[in-house]
Structures are given as C-alpha cells and as structure tokens.
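Going left to right, the sequence shown walks through residues -22 to -1, 1 to 327 as mature numbering (1 follows the signal peptide of the UniProt record, and there is no 0) numbers them.
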Amino acid sequence: MMKIYSFIVLTLSIMISSLSYAGNPPPASPTIIDVTAFITDIQNLDELNEQVQVDAILQYEWEDSRLAYDEQKVGKKYQLYQGDFQYDEVYEGWRPQVSIINEVGSPQIKERQVRVYPDGHVILKEHRTLTLETPMALQKFPFDKQDLKGFLIPFGFENSEVQLRVNPKYQILVKDYIRNNPQVDISEWRLKDYKLNVSDPIKQYYGHSDKISMLTLTISLDRKPMNIIWKVLLPLTLLVLAMWSIFWMNKEALSDRLNISFIGILSVIAYQFLVEGDMPRIDYFTFVDGFLLISFAILFSTIVESLGVYWLVKLNKDKAARNLDIFFRIIFPIIYVLLILLLYLILVA
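As structure tokens, then:
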C-alpha cells in the first residue's frame, strides 16, 4: 500500500511541477535559438503530389540561466532527458515548439533528447520524419534540379520573443556530412546540398500583425536523367528516325506509308500517357513535353508528305514526286535534330 501511495505522490508532484513551470516565458527577450539540421535519409520524392519525405535530425541550442546548476554539487557534466516521458514529464525547462509550416500531416518525431549544462546552455535534438509539400520547377525535366524547401517558425512566439538563427558551425558540418554520407541519395536523385537560411520575418499568421522569425531549409537535388533517357527519349528518337524509311518506299503505296506514320503517332501518344502518369498537372511545358510534341509534329509531316507524293503521282508528275521524297530524306533528320537541340538550348542550357 505504501508503494502505491509513494508512486501516486511522485507522479502528482511531477505533474504539478511541470504544470507550474509550463507557463514560464522564454528566458530572454529575444531568446536566440541556434538551429542545425542534418538530412539522414531521403525516403521518397512524390513528383505527382509535389511532396518530399526525409528523415532529419534537428538540433536547437539556447541559453537559460534559470536551469544553471553547480556541477561539483550535482556531480554531472550535463543533465540528460530523453524519451517521451522524461521530455514531457520530468524536464521542467522552457523549450521552443518549432513548427514546419508546409509539413503535411502530423509531425512524426522518432526520438527526442535534451541536455542541460551547468552554465544553463541547453541542447534539444529531435529525430523527425518530415513530409514537405513544396512546389517543383519541372521545366527542364528530366535534366532538372530541385530546391525543395521547408519553413521553420517558433510557434506562438513573436520576433521580439524568440528568434531562430543558423548555427555558425552549420555550413562546415553540411559539407563534411554530404561528402562522407553518399548513401543519403534516393533512386533517380542525387543530394547536392542542403542548407538553412534566415528568412525575412513573416507576419504572424494566427493573430495580429506582429512578425515572427523564420528559417528556410533548402534541400537541393539533381535528377539522374539516364532512366528517362533510356526508357523514353532514346526509344522515341529511334522510332521517329525509323519513319525515315517512308521516303524510300514505293511512291504509290499510300496505304503502307500512312500505316507506318499512324503507328508512329500512336506510339508517341502512348509515351505521352506514360510520362504524364508520373507528373503533376502543371501549366507549362517541360523538356519531355516539347520532345514529344516535336516528335508528333515530325511524324505528322510524313503523312502530309506521303499525301503530296501520291497527289503528284496521280498528276503524272513522277519526277516531282521523286524529288520531294529525296528532299525529305535529307531534311527530315536534320530538322528533327535541330528542333531537339533548339528545345534543349531554350529550356535546359
């Protein structure tokens, strides 16, 4: 009975002490929070919904003299709180609630740890899975590079109360981390860089017009284009060039010529459906869209040319029909290649 009574008393005392401290304001005005972010894994990149899912370790450091203690008396270099129970119920200090405003769904926090040092220096680490909804610039697809962003704010605090700042050691740590951890890459993508930047304070979205501090986490990825090149662009190029054979066919075999042209056009349409199935509904042209359109237009021109040749034959102008075929034998591949190069220079280079 005494054990049960002691447990109840201990639990109530912890709850009361945590509640009594919960109303305390930040330790200073403003309280400076040094932020560091590590991307430990890129789990998924959903281009259709323009979302990226990453594993990240976020670290926050600040000073709170109210938590200072005598190291000699306590006998600890730092006081450690980890796990949900110790973080929520045992740790009595103030901590920031950093919100990522473009995060999709509920925050997924895997682990949390707080360290309090004798001088009142506090370090909070969170291991989180982030699903960020962020627009993508796909004009250069599949030669595109994406800068995917997350926006961090100290929820509930104005700029005069809490300010987020990038840890001064952060840039050196990022360069070393990317160099030593190539496994962070995801299929079809290469992690180029990630960085934290202080953004201009934005207006408080949940109340009056006071401003709040904000950091922007930018994840820079380069697409590996070979998958699209091997599966879409190269087969489509060979298919279009195969239509070149039409200009060596019998001038009077109109049905055979048209059959080959329509097969090519239907193949281009099939590739278009294949590509669109993995792309968001965007209102601008991508490189692949232009590539498909050029291929479609070139194949359509073979139909017009075949009809022109057949019409000349019917008018007994065999020489003119033959010259038209010869002209298209030369101009067809040249125009196709030049249009693709021009498209690349406009959208990619």
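Backbone N, C-alpha and C fix where the C-beta goes; we use that ideal spot for every residue, glycine too.
Here ARG44 is exposed. Its C-beta has fewer than 16 other C-beta atoms within 10 Å.
Three or more Cβ pairs closer than 8 Å define a contact, and the stretch 100 to 118 meets that threshold against the stretch 32 to 39. The beta carbons of GLU111 and VAL82 sit closer together than 9 Å. If you draw a straight line from the Cα of PRO146 to the Cα of LYS189, it is about 24 Å long. When the Cα atoms are used, GLU230 and LYS297 turn out to be separated by approximately 13 Å.
If you compare the alpha carbons of SER198, ILE313, GLN141 and LYS54 with that of VAL13, the shortest gap goes to GLN141. In the pairwise beta carbon analysis, the stretch 298 to 305 is classified as not touching the stretch 240 to 250: fewer than three pairs are separated by under 8 Å. Judged by pairs of C-beta atoms under 8 Å, the stretch 276 to 283 does not touch the stretch 251 to 267, as fewer than three such pairs exist.
Under DSSP, TRP40 shares a beta bridge with VAL100. Per DSSP, reduced to three states, the secondary structure at TRP226 is helical.
Taking C-alpha positions only, VAL144 is separated from LEU195 by approximately 10 Å.
Note that the C-beta distance between ASN22 and ILE164 is below 9 Å. Partner residues in the beta bridge of PRO132, as assigned by DSSP, are VAL76.
PHE251 places its beta carbon 9 Å or farther from that of LEU211.
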